Amino acid sequence: MQYRELGNTGLKISTVGFGLWTVTTTWWGITDDAVGIGLLRRAHELGVNFFDTADTYGDGKGETLLADALGQKRDEIIIATKFGYDWYNNPSRSGQQERPHDWSPDFVRFACEESLKRLDTDYIDFYQMHNPRMSAIESDELIATLEDLKSAGKIRHYGATLGPAIGWEEEGLAVIRDREIAGLQQIYNLLEQEPGRRLTEACEAKGVGVICRVTHSSGLLEGNYTLDTKFDKTDHRSHRKREWLVEGLKKVDQLAFLTEGTGRTIGQAALQWLLASPAIASTLPNIYNEEQLVEFAEAADVPPLSEDELARVRQLYDANFGLEPQEAAVGE
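Under numbering that gives the first Met the number 0, the letters of the sequence shown match residues 0 to 331, in that order.
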């Protein structure tokens, strides 16, 4: 495993981290807590020290599961969690529909205290605004509250996670430019490079650390899917149009040069492509099983992409992989 500093925080985090959404929500098909705890502990054994969750994952489960799995290793791990959604007063939810935000000082303090209890810890290493809109980013009151929590030792650093889907460039550029955030989490991968590319450049110029999720384009870059792949109804990808899979696989086929004779799998190459940017401190691949966990953890130590490989990827992407515009893949 390799480690990088998150921006200018002094926090050394593993370049491959673990995002708890796969083991604490119902969108990925993992419903057994024992499986999730086992994967988290195995990740730690493999050198992963960066664990990213949110108070809204499983309505608190994402934090309690992390505490159950690695609470005894608190001084060995870096915990990132998120806040902003008021799921306490809005428990019902339809599918992936967003709940309302609450950025008021009282709610932010309340949410932080509740997260600390669930995580069974005295402090949060990296506290992230969860999918903030411009009104939140422009709120001096919100930033003052975060600074107060930092001064009180409740949180060590704060930042923002962009979403829920790909995009949010205006919000990202604003929070990088106007706020002293430690890090920014965004969707960014080989097949979906904008606005991630521009946001990463902005972060690098400001000394802001970058964390990338959806690193494998929702599975397309994992090397496991074919045109015959059928997703279980509990899997969020079962709701996507078939064109997403068909066109995505056409693009992936053209990336075979990243694996041929290189000692990398396509899944590992996808992570190394991201890590070619020095501003990117950690990647958060979707982890469903131990075999995949090991593959991704080992990605930190496989050969990095050469300048020629990086240039070829850039050329393919800029030409939309030779596909007609109407054939472009649909989806996050």
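We put the CB at the ideal spot given by N, CA and C, even for glycine. Computed from a prediction, not measured in an experiment: that's the story for all the values here.
Proximity winner among the options, relative to residue i (alpha-carbon distances)
i: residue 273; options: 286, 210 and 10; result: 210
i: residue 76; options: 110, 114, 2 and 24; result: 2
i: residue 332; options: 189, 199, 198 and 196; result: Nothing about residue 332 can be reported from this structure: the residues present for the chain run from 0 to 331 only.
i: residue 18; options: 65, 168 and 83; result: 65
i: residue 284; options: 169, 276, 11 and 42; result: 42
i: residue 320; options: 38, 49, 250 and 139; result: 250
i: residue 51; options: 183, 197 and 307; result: 183
i: residue 269; options: 290, 260 and 212; result: 212
i: residue 130; options: 247, 101, 123 and 277; result: 101
i: residue 49; options: 123, 57, 187 and 59; result: 123
i: residue 78; options: 260, 55, 91 and 114; result: 114
i: residue 34; options: 247, 83 and 292; result: 292
Residue i CB to nearest heavy atom of the ligand ADP below 7 Å
i: residue 310; result: Annotation note on the ligand ADP: not contained in the displayed structure, which lists no ligands.
Buried versus exposed, by CB contacts within 10 Å (16 or more), residue i
i: residue 70; result: exposed
i: residue 13; result: buried
i: residue 245; result: exposed
i: residue 303; result: exposed
i: residue 325; result: Note that residue 325 has pLDDT 46, beneath the 50 cutoff, so the model's placement of it is unreliable and no number is given.
i: residue 128; result: buried
i: residue 314; result: exposed
i: residue 264; result: buried
i: residue 91; result: exposed
i: residue 225; result: exposed
i: residue 330; result: Unreliable positioning characterises residue 330 in this predicted model, as indicated by a pLDDT of 38, which lies under 50. The coordinate reading is nonetheless provided below. Buried, by the Cβ-count rule.
i: residue 9; result: exposed
Assumed close pair residue i, residue j - CB separation to whole angstroms, cut-off 8 Å
i: residue 7; j: residue 206; result: 5 Å
i: residue 201; j: residue 180; result: With 8 Å as the limit, residue 201 and residue 180 do not qualify as a contact, their Cβ atoms being about 11 Å apart.
i: residue 220; j: residue 266; result: 6 Å
i: residue 57; j: residue 30; result: The pair is not a contact, with the Cβ atoms about 10 Å apart (cut-off 8 Å).
i: residue 0; j: residue 39; result: At roughly 15 Å, the Cβ-Cβ gap does not stay under 8 Å, so residue 0 and residue 39 are not in contact.
i: residue 173; j: residue 136; result: 5 Å
Quiz prompt | Any alpha helix (DSSP H) of 4 or more consecutive residues that is wholly inside the segment 24-52 | solution = 32-44
Quiz item: Taking the runs of the alpha helix (DSSP H) that are 4 residues or longer, which of them lie wholly in the segment 73-160?
Solution: 104-118, 133-136 and 139-150
Quiz item: Enumerated in chain order, which unbroken segments of the alpha helix (DSSP H) with a length of 4 residues or greater are wholly contained in the segment 163-221?
Solution: 168-177 and 195-205
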